[in-house]
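To convert, note that position 17 of the sequence shown is 101 in the numbering used here; the numbers rise steadily by one, no gaps.
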Amino acid sequence: MRVKAFLLAGALASAGPIAAQDTETRQLTDHQQMVHDIYRDIIGFRTARGHQQVDDMVAYLTKHLSDAGFAQEDLMVTDYDSDGEPTQGLIVRYRGDGSSGEKPIVMLAHMDVVDALPEDWDRDPFTLTEEDGYFFGRGTMDNKYGVANLVGTFIRLKDEGWTPNRDLYLAFSGDEETGMVSTRAQAKWIAENVDPAFVLNSDAGGTALDDEFKPLAMRVQAAEKTFATFELTVTNPGGHSSRPRSDNAIYELSAALLKLADHKFAVQATPLTRSYFAALGQSVPGELGNAMRAFAENPEDPAAVATLQSNPETVGMLGTTCVATMLRAGHAENALPQSATATVNCRIFPGIGVEQTQAELARVIGNDNVSFKLMAEVTESPVSVLRDDVRAAVAKSLAARYGKDIPIIPYMESGGTDGMHYRTLGYDTVAVSGGASRSQDMYAHGLNERANVDAFYSGLDHWTIILKELAGR
Ligand SMILES: [Zn+2]
Numbered sequence: 085m086r087v088k089a090f091l092l093a094g095a096l097a098s099a100g101p102i103a104a105q106d107t108e109t110r111q112l113t114d115h116q117q118m119v120h121d122i123y124r125d126i127i128g129f130r131t132a133r134g135h136q137q138v139d140d141m142v143a144y145l146t147k148h149l150s151d152a153g154f155a156q157e158d159l160m161v162t163d164y165d166s167d168g169e170p171t172q173g174l175i176v177r178y179r180g181d182g183s184s185g186e187k188p189i190v191m192l193a194h195m196d197v198v199d200a201l202p203e204d205w206d207r208d209p210f211t212l213t214e215e216d217g218y219f220f221g222r223g224t225m226d227n228k229y230g231v232a233n234l235v236g237t238f239i240r241l242k243d244e245g246w247t248p249n250r251d252l253y254l255a256f257s258g259d260e261e262t263g264m265v266s267t268r269a270q271a272k273w274i275a276e277n278v279d280p281a282f283v284l285n286s287d288a289g290g291t292a293l294d295d296e297f298k299p300l301a302m303r304v305q306a307a308e309k310t311f312a313t314f315e316l317t318v319t320n321p322g323g324h325s326s327r328p329r330s331d332n333a334i335y336e337l338s339a340a341l342l343k344l345a346d347h348k349f350a351v352q353a354t355p356l357t358r359s360y361f362a363a364l365g366q367s368v369p370g371e372l373g374n375a376m377r378a379f380a381e382n383p384e385d386p387a388a389v390a391t392l393q394s395n396p397e398t399v400g401m402l403g404t405t406c407v408a409t410m411l412r413a414g415h416a417e418n419a420l421p422q423s424a425t426a427t428v429n430c431r432i433f434p435g436i437g438v439e440q441t442q443a444e445l446a447r448v449i450g451n452d453n454v455s456f457k458l459m460a461e462v463t464e465s466p467v468s469v470l471r472d473d474v475r476a477a478v479a480k481s482l483a484a485r486y487g488k489d490i491p492i493i494p495y496m497e498s499g500g501t502d503g504m505h506y507r508t509l510g511y512d513t514v515a516v517s518g519g520a521s522r523s524q525d526m527y528a529h530g531l532n533e534r535a536n537v538d539a540f541y542s543g544l545d546h547w548t549i550i551l552k553e554l555a556g557r
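Here you go:
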């Protein structure tokens, strides 16, 4: 066991209220030291698109797992071509004795990261740096904490000689942040070969902390909106600008976009979003909190809907949104435009579908000259159930880690994670990260990504407790 001194700073000097500074000696357990070292080492791999180091990270992880006693045949490495770039995926099987008669559990993380330019960061993004109570580095949150925590948990349980009563799997993708080619292939393989009872994702959710780093609530990602981008185009024969025609591609497209600007999709409420607002409304002050509680009570309350729709933080929870994001038109200042194209990005409410959304946009525009093109493959995924057994296991982890019960709040994400590819195949998938952060410390994908050191260590028993609950009796 190594002993390590560190400074527990309440916050970065530049951000938020500052808690009393405090020097404390942290004695790392063997387990904490091991996970810390894995975390440090894998942050050193630049697993961003263009750098091709995912395979190095896979080799590193399989070496550690194999040293811990996982058989070669249970460490499944697959090569993928992610839109022209090689990457790898890793699936790890922890064999159970089958005594529960239950189907396996699959846990997800991704090994790739969004790239980070060292010259733009205050510290090297690919060197784990501990400073002011934070770990800095690309992937400290998204999602190398999840990888290190899950791998560390498997190694710890193996060292203990523990045998689960059902099979457990880790599925680590290699291109979650870009093409998700490995994710799709792994999800298909898992469906065909494992057919799990459910899936737990390490890449979202987690404990929300208040300004003083006290736990407020455990967020559980149970649904994701569908990301779909359309190009809307008007074409025209064009001609010389000295001889304007009665029709014009730019005017026609502009008129169509103004109709979209005024359009609001139907307000939708699901048990998930209502309970989310009911819970969050307890801690959000003022008019916004009142609106959240009123909407949870009655989703047709017009004042509550107006307040939530006018707030960028909440509008996405009330239904589908579509918004113009890019525009291009014309080819010369003295020529009539032969085409005008707008990019419209939609975040579609679960259950609505891309076709229905496109049909609604077309109906609102009401002009057959506006053509629609869907820009990329879309994954639609249903809302997942937070099962009672999973909720109970998560609650047990929270109680152990924080010494008290904290509320568990399922929510719908407007972003995208590996989870949607499992949901779309029919598997209930919830993201229940062991991480914890304050909202002002969210730097995933951005500059100077960080994770609170205290929260890092306090999350390291999370998966052990959950797995012993779900696969230990
Ligand atoms: Zn992620």
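Where a beta carbon is used, it is the ideal one built from N, C-alpha and C, also for glycine.
The closest CA to that of residue 456, considering only 488, 382, 446, is found on 446.
In this structure, the beta-carbon distance from residue 192 to residue 502 falls below 7 Å. The shortest C-alpha to C-alpha distance from residue 513 to any of 283, 449, 407 is the one to 283. When the beta-carbon positions are compared, residue 520 and residue 288 stay at least 7 Å from each other. Taking 7 Å as the cut-off, the beta carbon of residue 301 is found no closer than this to the beta carbon of residue 242. Here residue 400 is not near residue 377, since their CB atoms are 7 Å or more apart.
With contacts defined by Cβ atoms closer than 7 Å, residue 421 and residue 413 form a contacting pair. In this structure, residue 287 has its beta carbon less than 6 Å from a heavy atom of ligand 1. At the C-beta level, residue 485 and residue 224 stay beyond 7 Å of one another. Counting only runs of 4+ residues, the alpha helix (DSSP H) found wholly inside the stretch 499-535 occupies 503-507, in chain order. DSSP places residue 447 within a helical segment (H, G or I) once states are collapsed to three. For residue 176, the closest C-alpha among the options 158, 333, 488 is that of 158. If you draw a straight line from the Cα of residue 320 to the Cα of residue 423, it comes to about 6 Å.
Residue 451 has its Cβ no nearer than 6 Å to any heavy atom of ligand 1. When the alpha-carbon of residue 199 is set against those of 130, 219, 510, the nearest one is in 130. In the DSSP assignment, residue 476 falls within the unbroken alpha helix (DSSP H) covering 472-486. Beta-carbon to beta-carbon, residue 322 and residue 426 are separated by about 18 Å, too far to satisfy the 8 Å threshold. Going by DSSP, residue 117 is part of the alpha helix (DSSP H) stretching over 114-127. At a threshold of 6 Å, residue 226 counts as near ligand 1, since its beta carbon sits closer than that to one of the ligand's heavy atoms. Approximately 5 Å separates the beta-carbon atoms of residue 544 and residue 119; this is inside 8 Å, confirming the contact. Under the three-state reduction of DSSP output, residue 266 falls in the helix class. With a 10 Å radius around the Cβ and a threshold of 16 neighbouring Cβ atoms, residue 185 comes out exposed. Residue 465: not part of any beta strand (DSSP E); DSSP gives it neither H nor E. Secondary structure note for residue 338: it is in no beta strand (DSSP E), and the uninterrupted alpha helix (DSSP H) holding it is 333-346. In this structure residue 336 is buried. Its beta-carbon is surrounded by 16 or more other beta-carbon atoms within 10 angstroms.
Residue pairing from DSSP leaves residue 207 without any beta-bridge partner. The beta carbon of residue 527 is closer than 8 Å to those of 225, 533, 534 in its chain, skipping five residues each way along the sequence. Counting other Cβ atoms within 10 Å of its Cβ, residue 347 stays below 16 and is therefore classed as exposed. When the alpha-carbon of residue 333 is set against those of 318, 341, 327, 340, the nearest one is in 318.
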